[in-house]
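In UniProt numbering, the protein residues as written are 1 to 205.
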């Protein structure tokens, strides 16, 4: 007895619903925060208040950096989903959508942030201390930790700039040397073959 294939709607019902990436990234941001030593130094009440504030920020930053690494012009999830492309194709995008889903990625691309800078930026956000309701002790601990990460980021960026400057200087020197080598070779040959140099070598020998 032959069975007719099930209706296509049947398979549509079996398809898993799309993952809520912002929720997933929020949970991931919380787990990362729990691994930071500074969070063990503050009270549970302060910890919860802090995570409520910075967890979502770092979750959005995670989405933004991932999209930036994927060379996307807008927020893009690992499954290829782009929030700004939902809805009718002919619907014009409003300014708020562009600000949320595009400008953030554009900012990271403009500054050319790398992975080390991104991780340090996340750590700085995790240690944000200007939150209403935090205890004075938590504020003090978080401020010191944030200053440490900020200084680390500053020194790293200074070193990167120094390396870039040195690289540029080397390029300039190489270009200049290549430009003067033909002229230099002629003059060196004249000097070595000149009377004064012949007298010098005679005296040495």
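Yeah, the Cβ is synthetic: ideal placement off N, Cα and C, and Gly gets one too.
Alpha helix (DSSP H) segments (min. 4 residues) lying fully within the stretch 21-61: 21-34
Buried or exposed (CB count within 10 angstroms, at least 16 for buried), residue 132: exposed
Three-state secondary structure assigned by DSSP to residue 134: coil
Reference residue 113; option with closest CA among 172, 166 and 68: 68
Cβ pair count under 8 angstroms reaching 3, the stretch 45-65 against the stretch 20-32: yes
Nearest-angstrom Cα separation, counted from residue 149 out to residue 72: 28 angstroms
Own chain residues within Cβ distance below 8 angstroms of residue 124, not counting five before or after: 146, 149, 150 and 153
Range of the contiguous alpha helix (DSSP H) that encloses residue 128: No alpha helix (DSSP H) holds residue 128; DSSP gives it neither H nor E.
Counted within 10 angstroms of its Cβ, other Cβ atoms place residue 76 as buried (16 or more) or exposed: buried
7 angstroms Cβ cutoff met for residue 141 and residue 41: yes
beta-carbon residue 27 near the ligand PLP non-hydrogen atom, thresh 6 angstroms: Of ligands this structure carries none, so the ligand PLP is not represented either.
Counted within 10 angstroms of its Cβ, other Cβ atoms place residue 163 as buried (16 or more) or exposed: exposed
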